[in-house]
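Trainee:
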Amino acid sequence: MLFLFLTFSFCWWDTGHYIIARIAQLQITPEQNQWITDLFSLWPDEAGDIVNMSAWQDTISGSHYQIRTMRTWHYSDEPYIIEPSDQANIPPICYNVTNICNEAMQFLLDETTTSPWSLSFGLRSFVHFLGDAHQPMHSVALFSNNFTTGDAGGNLYYFDSQFGANAAQLHKIWDNAGLSYQFLKPLETFEANVSLLLKTHPKSKYKDLIYDENPYHWVLESFEDSKRVAYTAKMNEK
């Protein structure tokens, strides 16, 4: 499982998730990849390999499926309060990305888990949510005099954008990696992005990385990035 932890750090629309999964796919053997593909074929209408199944959790939470109870699994809104806290109305903690990642790891790494349905659901979910946990805007909710109930992870934090709707919200800008990962096609561009990331960020670069299986620590790291980097962009400015 280590290859997943090392590579799931770029997200987060479909193309971002596909890139994450493609990098992971290149780290495993053909036999392991085939095992995963066979596992996912248990859902014949939604079969595929680890790459095109990495966005499955977004698909089932969309307008067609309407599985709303699982929508909170994609984020953990750590409160970022920048103005007097007496105005902040912070909601209670719900089942979130840290919970699903913890539970998925528990039964995926448990050798007594033999149910192919459990393994299929757990793996296609973990592949997705591990990426979400590393998206800074999936780890934060800004509270201020303007956002007394929070900014919904930057979804209500708008800009005067000259690049269209996909750059008009702070959350979207991070979901599409600054407009870099908006679309999967052309395939050549997708593979070129994968190759560039592998070249720029080789595994040897992370040889001293501390192996941490605590999803809450991943979220806290992303939360710090949101404060240090993401929110330095001023709201309503061009």
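Residue numbers for the sequence shown follow numbering that gives the first Met the number 0, so the first one is 0 and each next one is one higher. For every residue, glycine included, the Cβ atom is placed at its ideal position computed from N, Cα and C.
#1: From the DSSP output, read off the bridge partner residues of Gln168.
#2: Is there contact here, the stretch 149-157 with the stretch 118-129, by at least three beta-carbon pairs under 8 Å?
#3: Measure the CB-CB distance between Ala80 and Phe142 and report whether it falls below 7 Å.
#4: Please list the terminal residues of the continuous alpha helix (DSSP H) segment that includes Phe39.
#5: Going by the DSSP bridge assignment, what does Ile18 pair with across the sheet?
#6: Alpha carbon to alpha carbon, how far is Phe222 from Ser40? Give it in angstroms, no decimals.
#7: For Asp207, which residues of its own chain have a beta-carbon under 8 Å away from its beta-carbon, when the five flanking residues on both sides are left out?
#8: Rounded C-beta distance between Trp12 and Asn213? I'm assuming under 8 Å.
#9: Where are the alpha helix (DSSP H) runs, 4 residues long or more, that stay fully inside the stretch 98-154, in chain order?
#10: So, are the CB atoms of Thr98 and Thr148 less than 7 Å apart?
#11: What alpha helix (DSSP H) runs, 4 residues minimum, are completely inside the stretch 192-227?
#12: Do Ala164 and Leu178 have their CB atoms nearer than 7 Å?
#13: Output the boundary residues of the beta strand (DSSP E) element that contains Ile80.
#14: Helix, strand or coil for Gln24? Go by DSSP, reduced to three states.
#15: By the 10 Å Cβ neighbour count, where 16 or more other Cβ atoms means buried, how is Ile209 classified, buried or exposed?
#16: Taking the beta carbon of Trp116 as the centre, do at least 16 other beta carbons fall within 10 Å, making it buried, or is it exposed?
#17: Measure the CB-CB distance between Thr14 and Tyr180 and report whether it falls below 7 Å.
#18: So what does DSSP say about Ala229, is it helix, strand or coil?
#19: Do Ile35 and Asn192 count as a contact pair if the criterion is CB distance below 7 Å?
#20: Locate the alpha helix (DSSP H) running through Gln56, then write down its first and last residues.
#21: In whole angstroms, give me the CA-to-CA distance for Arg67 and His73.
Mentor: Per the coordinate set shown:
#1: Tyr157
#2: no
#3: It is Ile, not Ala, that sits at residue 80 in the sequence shown. It is a contact, given that the beta carbons lie within the stated cut-off.
#4: Pro29 to Phe39
#5: BP columns for Ile18 are empty, so no partner.
#6: 36 Å
#7: none
#8: Between Asn213 and Trp12 the Cβ distance is about 26 Å, and since that is not below 8 Å, they are no contact.
#9: 115-131
#10: A small fix is needed here, since residue 98 is Asn in this sequence, not Thr. No, they are not a contact pair.
#11: 214-227
#12: no
#13: Glu77 to Ile80
#14: helix
#15: exposed
#16: exposed
#17: yes
#18: helix
#19: no
#20: Trp55 to Ile59
#21: 11 Å
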